[in-house]
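Novice: The sequence shown begins at 0 in numbering that gives the first Met the number 0 and counts up by one. Every residue, glycine too, gets a C-beta built ideally from N, C-alpha and C. For reference, the structure I am asking about is given below.
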Amino acid sequence: MQASLLLDACRKYGIDFFTGVPDSLLKGLCNELYDRFGTEGDTHVVAHNEGGAIGLCAGHYLASGKPGLCYMQNSGIGNAVNPLVSLMDTDVYAIPCLLVIGWRGEPGVKDEPQHMKQGKITLGQLDLMDIPYRILSSDTTEAGFLAYFDELASLMDSGKTVAFVVRKGALESSRKPVYGNGYAMTRESAVGRILSSDDAGSVFICTTGKLSREVFELREARGEDHSRDFLTVGSMGHASMIALRIAVEKPNRRVWCLDGDGASLMHLGALPVIGKRAPSNLIHVVINNGAHETVGGMPVCSGSMDIASLASAAGYTCVLTADSESSLDRALAEAEKPHSGPVLIEVRCACGSRSDLGRPTTTPVMNRDALMSFIR
Ligand SMILES: Cc1ncc(C[n+]2csc(CCOP(=O)(O)OP(=O)(O)O)c2C)c(N)n1
């Protein structure tokens, strides 16, 4: 069905505020929202994480008396559980909200390993939180959808948060906004230069999404093995904490964290934790394309966020920026000099990737074992 049908039903019911974190299964909805409302105004806000988006919906309801719509990949339910059960729930403030959840890893549907467990437990999580839901499929008819919407709307009238769980291919849009920025260097080119710049003893903790897929393919193309790279295929936003602990445990080994802007923003509190512990062997690279590129390109506020200043304020010893191949090479040379604490490099990149980008062919457990034996 068309995502516009969902938004039209929302408008008729009185939902006029939209927020969330994008998901590839919800690309149709995200494109529709971006094309209609952009991300700069007050109608549509791309949140830093799913829990924050629930908070925005709560504030919106308190101020306007109207529920908001919060979209997320099912991986984001974990980030949202606390505000869902301790804020929105009818046992607490009884604040209604419409969740739209992309169902990655649905049982019986082929998907990547990081989605399988989450897909299996998604409906059970909603049941456990007492959140009524309806499932949207590619064969949901307009009449069927409107009947579902009415059922969920009457539950929202009584203060309940409710959900649509969206199967692959269920929500489409003819709108195809062009996401982008003014930068020319691609993420893959930047990542390639970073991998080349270092000695053979370092490890690379890579963020969730296409960056890790590019690292995997770059290693293949160079005929190198994958034992120095941890791909963090799930757990968006936590790569820097993994890197911090490895850096502290292995002070004689350089540890790189190759992070995304959306991912670092999702758990920005990691910066001061790294700044306080201050390992001198950690280089934290934030690839800032101003977007959640992996899942479609929806902008994040990182386009205007000064990550370098944030890192400086958080206690990083050396903070560098780059926005071209030559400035990146200079930043890398500087970063690899001895420093008394962690280094952060913000790399401004274009928003885009190769259309034929593959996926890791090794399993997460193989990745874990290879990295652990390399580190040992
Ligand atoms: C908790 C959680 N929410 C949402 C997602 C879906 N997701 C996967 S990659 C990604 C975008 C990551 O953006 P960024 O870190 O800026 O990297 P980019 O894709 O732009 O390289 C999102 C939203 C997820 N995996 N986990």
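(1) Cβ of LEU370 within 8 Å of Cβ of PHE229?
(2) Should ILE344 and ALA321 be called a contact, given that it needs their Cβ atoms to be closer than 8 Å?
(3) Where does HIS283 sit, in a helix, a strand or coil, going by DSSP?
(4) Compute the beta-carbon to beta-carbon distance between SER172 and SER3, rounded to the nearest angstrom, for a pair I have assumed lies under 8 Å.
(5) For the beta strand (DSSP E) containing TYR60, list its first residue and its last residue.
(6) Assuming HIS43 is part of the beta strand (DSSP E), what are its boundary residues?
(7) Using the beta-carbon count (16 or more within 10 Å), is ALA332 buried or exposed?
(8) Throw me the rounded Cβ distance for the THR207 and GLY233 pair, which I believe falls under 8 Å.
(9) Could you tell me the alpha carbon to alpha carbon distance between ASP260 and GLY101, rounded to whole angstroms?
(10) My understanding is that ARG212 touches ARG358, with C-beta atoms under 8 Å, so please give their C-beta distance in whole angstroms.
(11) Assuming contact is defined by CB atoms lying nearer than 8 Å, are PRO341 and ILE273 in contact in what I supplied?
(12) Got a sec, what are the start and stop residues for the alpha helix (DSSP H) CYS300 sits in?
(13) Between the alpha carbons of PHE17 and GLY58, how many angstroms are there, rounded?
(14) When DSSP builds the beta bridges, which residues end up paired with THR121?
(15) Let's test the definition: count the other Cβ atoms within 10 Å of the Cβ of GLY289 and tell me whether it reaches 16, buried, or not, exposed.
(16) Nearest CA to the CA of GLU276: which residue from VAL294, ALA8, VAL254 and TYR315?
(17) Based on Cα-Cα distance, which residue from LEU125, VAL165, THR361 and PHE163 lies nearest to ASP224?
(18) Leaving out five residues before and five after ALA8 in sequence, what residues of the same chain have Cβ atoms less than 6 Å from its Cβ?
(19) Quick one: what does DSSP say ASP34 is sitting in, helix, strand or coil?
(20) Taking CYS9 as part of the alpha helix (DSSP H), name the residues at either end of that continuous run.
(21) What does DSSP give as the partner residues of GLU171 in its beta bridges?
(22) Any heavy atom of ligand 1 closer than 7 Å to the beta-carbon of PRO176?
(23) With DSSP run on the structure shown, which of helix, strand or coil describes ASP368?
(24) Less than 7 Å separating the Cβ of ASP305 from some heavy atom of ligand 1?
(25) In angstroms with no decimal places, state the Cα-to-Cα distance between VAL318 and PRO112.
(26) Which word fits LYS119, buried or exposed, when buried means at least 16 other C-beta atoms lie within 10 angstroms of its C-beta?
(27) Could you tell me the distance, in whole angstroms, from the CA atom of LYS336 to the CA atom of SER263?
Specialist: A quick look at the data gives this:
(1) Yes.
(2) Contact annotation: ILE344 and ALA321 have beta-carbon atoms nearer than 8 Å.
(3) In the three-state reduction of the DSSP assignment, HIS283 falls in the strand class.
(4) Going by Cβ atoms, the distance from SER172 to SER3 rounds to 7 Å, so yes, they are a contact pair.
(5) From DSSP, TYR60 is part of no beta strand (DSSP E) but of the alpha helix (DSSP H) over 49-63.
(6) Taken as a continuous stretch (DSSP letters only), the beta strand (DSSP E) holding HIS43 covers 43-45.
(7) Of the other Cβ atoms in all chains shown, fewer than 16 fall within 10 Å of the Cβ of ALA332; this residue is therefore exposed.
(8) With a Cβ gap of about 6 Å, THR207 and GLY233 count as contacting.
(9) Here the alpha carbon of ASP260 sits roughly 22 Å from the alpha carbon of GLY101.
(10) Here ARG212 really is in contact with ARG358; their C-beta atoms are around 6 Å apart, less than 8 Å.
(11) Yes, these two residues count as a Cβ contact at 8 Å.
(12) Neither: CYS300 is in no alpha helix (DSSP H) and is coded neither H nor E.
(13) Going by the C-alpha atoms only, they are around 12 Å apart.
(14) For THR121, which the question treats as bridged, DSSP gives no partner whatsoever.
(15) It is buried - the Cβ of GLY289 has at least 16 other Cβ atoms within 10 Å.
(16) Rather than Glu, the amino acid found at residue 276 in this sequence is Arg. Residue TYR315 is the option with its Cα nearest to ARG276.
(17) The shortest Cα separation from ASP224 among LEU125, VAL165, THR361 and PHE163 belongs to THR361.
(18) Taken in chain order, the residues that qualify are PHE148.
(19) Three-state DSSP puts ASP34 in a helix.
(20) Segment 2-12, the alpha helix (DSSP H) holding CYS9.
(21) GLU171 is bridged by DSSP to GLN1.
(22) Checking every heavy atom of ligand 1 against the Cβ of PRO176, none is found closer than 7 Å.
(23) Taken through DSSP and simplified to helix, strand or coil, ASP368 comes out as helix.
(24) Not one heavy atom of ligand 1 lies closer than 7 Å to the C-beta of ASP305.
(25) Linking VAL318 to PRO112 through their CA atoms gives a straight-line distance of about 35 Å.
(26) Exposed, since its Cβ has fewer than 16 Cβ neighbours within 10 Å.
(27) Here the alpha carbon of LYS336 sits roughly 24 Å from the alpha carbon of SER263.
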